[in-house]
Amino acid sequence: MERTIAHINTENWGCYIPIIINLPSKYTTQLQTPFRPLFMSVPRSSYLYFEKEKIFNHFEPVLKELEINNKNFYLQFNSEPVRWNAPTGVFFDIVCKSTNHPEKIPMNLQINFEKVPKKFIEFENETEFFNYYASTFKESCFLLSKSATITQKITENIMANIWNGLKNLSFDEYKRSIQPLEINYNEQPSLAIRIFLNKKCIQKPIKPVNKETEELITLLDIFKNLQLVENGKTVPMTYLIQGITPPLNTPLAFLSASCSHPDGFLYLIITTLN
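Just so you know, the sequence shown maps onto residues 8 to 281 in this note's numbering.
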């Protein structure tokens, strides 16, 4: 079982999403020189924030030609801003694999240098982003233990090593860094899961085992709890974890161990079909 979990984790960390970043027409119509879009392959388990400098450097000549002095920018998929604080794969599954926006490869993004939208989390520097990530990671650990049992073990050195594993996109380094935390998903009183139901985030404590029956909680149990099961069958919908659709009888503890993102959360993306 441990080998299977490690293999799935390694595969998830090795998955990339091809993207293309274009300029909106409001910029291109003002250019005198031909514009070249930016093509990239970004890690599913990482964050687009780490590509921010590379993106800016590519578009810097355009800024100079258009005499735009603003170095801040944000990316959009259609009209939806890309969240710097969301794992790239999570954002892709939410906006590109929904019924409204059928999956397209590469993911076509546009860059904007105007004022960022409201409710958009911006980071002035990498330190701010690290602090946000560390806070999210510790939150997931707190949810797992329903106490400070795990978070008390997270020293500055451990957190720095976890961060380096994420930045270096090294699952082995990340795995070594979290080993002192002694996380066993089957034995934790709760699981750290974020559910996006039709793009709305639901976060609540979910136990890995049903205390009454002593059976492992499965995906089907979650759908029943969300009232997405009628007459023994799920309502018309799509659901994704790390870009795939696991069987309904898959235990959540197994999915948490094998498919959680580096922030410690398991993300379940659900889109109902009306």
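Just so you know, even glycine gets a beta-carbon here, dropped at the ideal spot from N, CA and C.
Keep in mind it's a predicted model, so treat the numbers as computed, not measured.
Over what stretch of residues does the beta strand (DSSP E) that includes residue 50 continue unbroken?
45-50
Three-state secondary structure (DSSP) of residue 31:
coil
Do residue 293 and residue 249 have their C-beta atoms closer together than 8 angstroms?
Look at the range of the chain in this structure, 8 to 281, and you will see that residue 293 is not part of it.
Indicate whether residue 49 and residue 81 have their beta-carbon atoms separated by less than 8 angstroms.
no
Which of the three DSSP states, helix, strand or coil, is assigned to residue 236?
strand
Rounded Cβ spacing between residue 260 and residue 181 (contact assumed at less than 8 angstroms):
Contact flag wrong, Cβ pair sits at about 20 angstroms.
Whole-angstrom C-beta distance between residue 277 and residue 203, which should lie under 8 angstroms
7 angstroms
Inter-residue spacing [alpha-carbon to alpha-carbon] between residue 58 and residue 77:
18 angstroms
Whole alpha helix (DSSP H) elements within the stretch 81-130, 4-residue minimum
95-102
Opening and closing residue of the beta strand (DSSP E) in which residue 208 lies:
207-209
Tell whether a beta-carbon distance below 8 angstroms holds between residue 56 and residue 127.
no
One or two residues paired with residue 203 in a DSSP bridge:
208 and 276
Given a cut-off of 8 angstroms on the beta-carbon distance, is the pair residue 224 and residue 254 in contact?
no
Please classify residue 37: is it buried, with 16 or more other beta-carbons within 10 angstroms of its beta-carbon, or exposed?
exposed
Cβ atoms of residue 117 and residue 159: under 8 angstroms apart, would you say?
no
Taking the continuous beta strand (DSSP E) assigned at residue 139, which residues delimit it?
Residue 139 -> not in any beta strand (DSSP E); alpha helix (DSSP H) instead, spanning 133-152.
If you draw a straight line from the alpha carbon of residue 199 to that of residue 271, how long is it in whole angstroms?
7 angstroms
Tell me which same chain residues have a C-beta within less than 6 angstroms of the C-beta of residue 123, skipping the five on either side of it?
81 and 129
Tell me whether residue 106 is buried or exposed, calling it buried when 16 or more other Cβ atoms sit within 10 Å of its Cβ.
No answer about residue 106 holds up, because its pLDDT of 49 lies below 50 and its placement is not dependable.
Flag this pair as yes or no: are the beta carbons of residue 147 and residue 168 separated by less than 8 angstroms?
no
Where residue 166 sits in the DSSP three-state scheme
helix
With DSSP run on the structure shown, which of helix, strand or coil describes residue 271?
coil
Three-way DSSP call (helix, strand, coil) for residue 25 in this model
strand
Under 7 angstroms from any heavy atom of the ligand NAP, does the C-beta of residue 184 make it?
The ligand NAP is not part of the structure shown, which contains no ligands of any sort.
Give the single residue among 44, 268 and 275 whose Cα lies nearest to the Cα of residue 53.
268
Between residue 79 and the rest of its own chain, which residues show a CB-CB distance below 8 angstroms, the 5 nearest in sequence each way excluded?
120, 123 and 129
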